[in-house]
Amino acid sequence: GERGGDESRETYIFNFEKDEKELRQFIRDNFIIGKSDVTKTRIDKNNFINIYNRWLEAVKPTIAVDWELAKKAGIIDGDFYLADLLSRENETLKEKLFVLLRSNHYVLDKKIDVATGFFNSKQADFIDRQKAHAQFWAIYERPPLEEYWDYIIERRDLLVPQDIRERKGSFFTPRVWVELSQQYIADVLGKNWQDEYYVWDCAAGTGNLLAGLTNKYNIWASTIDKADVDVMKDRIDNGANLLEDHVFQFDFLNDDFSKLPQGLQNIINNPNLRKKLIVYINPPYVEGDSRIGKGRKGTQETKIHEKYQSIFGKAGAEISAQFFGRMYLEIPDCIIAAFSKMNFHVAPNYEGFREFFLAKTERMFLIPSMTFDNVNGKFPISFKIWNTSKKERFKRVSADVYDENGRFWCKKKITAYDNSKYISDWLEEHTKNISAHHIGHLASVGNDFQNQTALFIDDVDRKRKKGGRHTMISVENLIVCSIYFAVRKVIPADWLNDRDQFLHPNKKWENDTEFQNDCLAYTLFSNNIQSKYGVNHWIPFLEGEVNARDQFESHFMMSFINGKIIHNGYSDLFAQDAKKFFTRRKFSAEAKAAFTAGKKLWTYYHSQPRCNVNASLYDIREHFQGRNAQGKMNNQSEDETYNELIADLRAALKILAEKIEPKVYEYGFLKR
Numbered sequence: 024g025e026r027g028g029d030e031s032r033e034t035y036i037f038n039f040e041k042d043e044k045e046l047r048q049f050i051r052d053n054f055i056i057g058k059s060d061v062t063k064t065r066i067d068k069n070n071f072i073n074i075y076n077r078w079l080e081a082v083k084p085t086i087a088v089d090w091e092l093a094k095k096a097g098i099i100d101g102d103f104y105l106a107d108l109l110s111r112e113n114e115t116l117k118e119k120l121f122v123l124l125r126s127n128h129y130v131l132d133k134k135i136d137v138a139t140g141f142f143n144s145k146q147a148d149f150i151d152r153q154k155a156h157a158q159f160w161a162i163y164e165r166p167p168l169e170e171y172w173d174y175i176i177e178r179r180d181l182l183v184p185q186d187i188r189e190r191k192g193s194f195f196t197p198r199v200w201v202e203l204s205q206q207y208i209a210d211v212l213g214k215n216w217q218d219e220y221y222v223w224d225c226a227a228g229t230g231n232l233l234a235g236l237t238n239k240y241n242i243w244a245s246t247i248d249k250a251d252v253d254v255m256k257d258r259i260d261n262g263a264n265l266l267e268d269h270v271f272q273f274d275f276l277n278d279d280f281s282k283l284p285q286g287l288q289n290i291i292n293n294p295n296l297r298k299k300l301i302v303y304i305n306p307p308y309v310e311g312d313s314r315i316g317k318g319r320k321g322t323q324e325t326k327i328h329e330k331y332q333s334i335f336g337k338a339g340a341e342i343s344a345q346f347f348g349r350m351y352l353e354i355p356d357c358i359i360a361a362f363s364k365m366n367f368h369v370a371p372n373y374e375g376f377r378e379f380f381l382a383k384t385e386r387m388f389l390i391p392s393m394t395f396d397n398v399n400g401k402f403p404i405s406f407k408i409w410n411t412s413k414k415e416r417f418k419r420v421s422a423d424v425y426d427e428n429g430r431f432w433c434k435k436k437i438t439a440y441d442n443s444k445y446i447s448d449w450l451e452e453h454t455k456n457i458s459a460h461h462i463g464h465l466a467s468v469g470n471d472f473q474n475q476t477a478l479f480i481d482d483v484d485r486k487r488k489k490g491g492r493h494t495m496i497s498v499e500n501l502i503v504c505s506i507y508f509a510v511r512k513v514i515p516a517d518w519l520n521d522r523d524q525f526l527h528p529n530k531k532w533e534n535d536t537e538f539q540n541d542c543l544a545y546t547l548f549s550n551n552i553q554s555k556y557g558v559n560h561w562i563p564f565l566e567g568e569v570n571a572r573d574q575f576e577s578h579f580m581m582s583f584i585n586g587k588i589i590h591n592g593y594s595d596l597f598a599q600d601a602k603k604f605f606t607r608r609k610f611s612a613e614a615k616a617a618f619t620a621g622k623k624l625w626t627y628y629h630s631q632p633r634c635n636v637n638a639s640l641y642d643i644r645e646h647f648q649g650r651n652a653q654g655k656m657n658n659q660s661e662d663e664t665y666n667e668l669i670a671d672l673r674a675a676l677k678i679l680a681e682k683i684e685p686k687v688y689e690y691g692f693l694k695r
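Anchor point for the sequence shown: position 44 equals 67 in the numbering used here, and the numbering is continuous, going up by one each time.
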């Protein structure tokens with residue numbers, strides 16, 4: 024395509040198939056009436072690898088270099104890409120690179136004086152007069168923002184043709200956490216630990232976890248993929264502080280220790296030397312599915328799982344548990360310094376694992392998962408130092424917490440929930456033997472914050488997805504279901520509390536009717552009931568209060584709130600002893616504020632000419648907000664009055680949630 028006026032026209036070439044995403048974005052950004060300049064694709068730490076892969080095809084073949092000779096001198100094609108990337112107007116801005124772009128050619132760092140494969144001494148030219156180079160970079164904005172420069176340069180080891188960014192469940196450890204973890208190891212084992220201990224990273228990837236270590240004679244690195252081994256050996260040629268004979272291919276979950284280098288075997292087979300071995304690792308995070316209780320494809324097909332599945336229990340469905348289990352069982356008394364999710368300390372599925380994995384947790388810190396490339400979700404990743412020679416069942420530890428910028432934030436108590444009863448047990452106790460006359464359905468998964476989005480109340484007659492917990496709501500358990508729902512919803516989920524477990528409460532809640540009614544009020548304005556699936560029993564107002572155009576099909580909720588048993592038309596709706604569940608509800612000021620805000624919203628909706636008399640809160644939101652092309656409800660409405668009213672209701676619910684929150688801890692639903 025071409026853009027520009029009569030005096031100046033520029034040509035931008037896209038591959039219709041390979042550059043489809045960029046082409047679509049280019050069209051969206053530039054084919055706008057009145058727009059005269061061109062918006063190019065920005066490069067950042069998330070896309071620089073993908074752009075590199077395209078550069079390999081488009082630009083690399085046009086550079087006059089003998090790549091095999093250059094490689095022997097420690098120069099890789101990624102060095103030319105970095106020279107291009109960190110440039111403006113074809114002049115490399117960053118001087119401390121192996122290769123620099125100088126207008127229409129590349130030059131080699133003057134400190135490198137070996138045969139490099141450059142056709143012209145320390146200068147490399149283009150064989151097509153730089154045509155492909157110019158066309159390629161015309162669609163990208165160079166250089167990236169300066170805040171990304173150091174990160175991109177540090178990740179030079181990724182700039183190889185093989186796709187080494189992400190192995191099955193494996194993720195690169197950011198430099199800030201590598202450095203912090205080594206600081207914690209020094210705090211526990213002493214400042215001379217690198218000389219006094221041996222280090223083995225048995226899931227090394229390309230070895231970035233070992234960056235910064237100084238004693239290469241005490242370091243071993245292994246990985247399942249030969250491509251990663253090759254990259255590590257390339258890194259050795261480029262100055263990585265590793266011994267080539269200590270870097271090797273090894274499948275930790277399938278291979279026998281007899282395949283290890285003899286020096287490492289000698290350490291593992293010597294009881295005294297084993298105590299000086301640190302297994303330093305960021306293992307794969309491929310895990311089981313908590314909804315169906317099985318491992319994901321391939322996780323249970325390893326020899327280690329087959330050998331120890333009776334010991335691992337449910338935890339064996341997760342790859343990292345197999346790694347740690349083998350270390351503990353087959354390298355007894357070693358030190359394990361490891362990154363992992365919080366499962367080993369708090370997950371119910373790991374209770375059996377904790378029974379045999381007896382090791383003292385010497386130190387621990389927590390960091391956000393969002394700081395790791397390609398990790399989905401927001402949850403805490405822990406780094407802990409386990410001393411397996413100290414046989415100690417984990418109960419609790421105080422962990423240091425760091426924010427996304429690597430700054431110390433706070434301390435958090437991590438407690439094992441072994442032998443605990445959970446909030447799901449409490450819910451089950453109070454929902455047995457309810458009548459068959461249901462007014463709603465409560466869906467839930469697990470007992471922790473990470474499953475908060477899978478917790479909702481909707482209609483009786485809707486089709487159910489497999490998995491999870493399904494509780495039907497009737498008059499007998501409405502208050503308990505409301506407490507369950509509110510307790511799990513009023514505290515926002517974040518990365519730090521993601522794995523915290525909700526527990527079976529003490530009995531104090533039973534006598535706190537204000538707490539019960541606060542939870543009911545919160546639930547009434549937070550559910551997903553839709554009238555199209557059946558009679559809506561959840562309208563918290565009378566017709567006259569909201570100027571309804573006709574009579575509601577159900578007055579159940581107002582009768583429940585006012586302590587009046589429904590008779591007309593509902594004589595068989597509830598059990599004969601339903602009277603004991605109907606008591607007049609008295610609401611706190613905070614709950615009343617939510618009702619007031621809700622009443623204004625319902626009233627405004629009922630003033631609309633095409634309103635649904637039996638509309639639920641969900642129906643009202645859908646009416647005003649509408650849906651996008653993908654069928655998802657829009658976040659806002661074009662009706663400003665509605666936007667103000669729903670904002671007022673949400674503000675009132677936030678205040679109500681803050682009132683409920685202290686009781687969540689006081690009544691034992693959560694541990695502090």
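Every residue gets a Cβ at the ideal spot worked out from N, C-alpha and C, and that includes glycine.
Within the region 612-640, ranges of the alpha helix (DSSP H) (whole runs, at least 4 residues): 612-629
Backbone CA spacing between K239 and L266 [nearest angstrom]: 6 Å
Straight-line Cα distance separating K486 from I462: 15 Å
DSSP-derived helix/strand/coil call for M581: helix
Closest by C-alpha distance to K436, when choosing among D523, N372, E451, N399: D523
With 16 other Cβ atoms within 10 Å as the buried cut-off, status of A680: buried
Within the region 472-560, ranges of the alpha helix (DSSP H) (whole runs, at least 4 residues): 501-512, 536-547
Buried versus exposed call for Q217 [16 or more other C-beta atoms within 10 Å across all chains shown]: buried
Same chain, Cβ closer than 6 Å to V687, neighbours up to 5 away in sequence not counted: V510, L693
Coil, strand or helix - I354 by DSSP: It is coil, neither helix nor strand.
N- and C-terminal bounds of the beta strand (DSSP E) containing K145: Per DSSP, K145 belongs to no beta strand (DSSP E) and is neither H nor E.
Ranges of the beta strand (DSSP E) found wholly within the region 210-272, counting only runs of at least 3: 221-224, 242-246, 270-272
Bridge partners - G469, DSSP secondary structure assignment: Paired residues: none, contrary to the question.
6 Å Cβ shell around Y9 - same chain, five flanking residues per side excluded: Only positions 24 to 695 of the chain appear in this structure, which leaves residue 9 out of reach.
Under the three-state DSSP convention, the category S110 falls into: strand
Residue range of the unbroken beta strand (DSSP E) whose run includes N410: 403-410
Alpha helix (DSSP H) segment containing R77, residue limits: 71-81
K686 - DSSP class collapsed to helix/strand/coil: Reduced to three states, the DSSP call for K686 is helix.
Pairwise C-alpha distance: D481 and N277: 47 Å
Segment contact flag, the region 410-423 with the region 390-398, C-beta cutoff 8 Å, min 3 pairs: no
Residue span of the beta strand (DSSP E) that contains I461, given as start and end: What sits at residue 461 in the sequence shown is His, not Ile. Where H461 is concerned, there is no enclosing beta strand (DSSP E), given that its DSSP letter is neither H nor E.
Best match in L232, G228, I584, H269 for proximity to D251 [C-alpha to C-alpha]: G228
Reference A93; option with closest CA among K68, D67, V130: When only C-alpha atoms are compared, the closest one is V130.
Start and end residues, beta strand (DSSP E) containing F376: Unbroken run through F376 is the alpha helix (DSSP H), 374-379; no beta strand (DSSP E).
C-alpha gap between L283 and I162, whole angstroms: 48 Å
Pair within 8 Å by beta-carbon distance, I247 and P306: no
Identity of the residue in P563, W561, C542, S630 nearest R572 by Cα: Minimum Cα distance to R572 is reached at S630.
Coil, strand or helix - L676 by DSSP: L676 falls in the helix class under three-state DSSP.
Cross-strand partners of F431 (DSSP beta bridge): Y425
Contact check, K83 vs D100, beta carbons under 8 Å: yes
8 Å contact criterion, which I121 and D132 should meet: CB distance rounded: The question names Ile, but residue 121 is Phe in the sequence shown. That pair is a contact at about 5 Å.
For F525 and I446, believed in contact at Cβ under 8 Å, the rounded distance: Between F525 and I446 the Cβ distance is about 4 Å, and since that is below 8 Å, they are a contact.
Minimum C-alpha distance to F406 - residue among L389, R416, G400, S421: L389
A620 beta carbon less than 8 Å from that of L547: no
Close beta carbons around R349, own chain, < 6 Å, minus the five adjacent residues each side: I327
Per-residue DSSP class, three states only, for E164: strand
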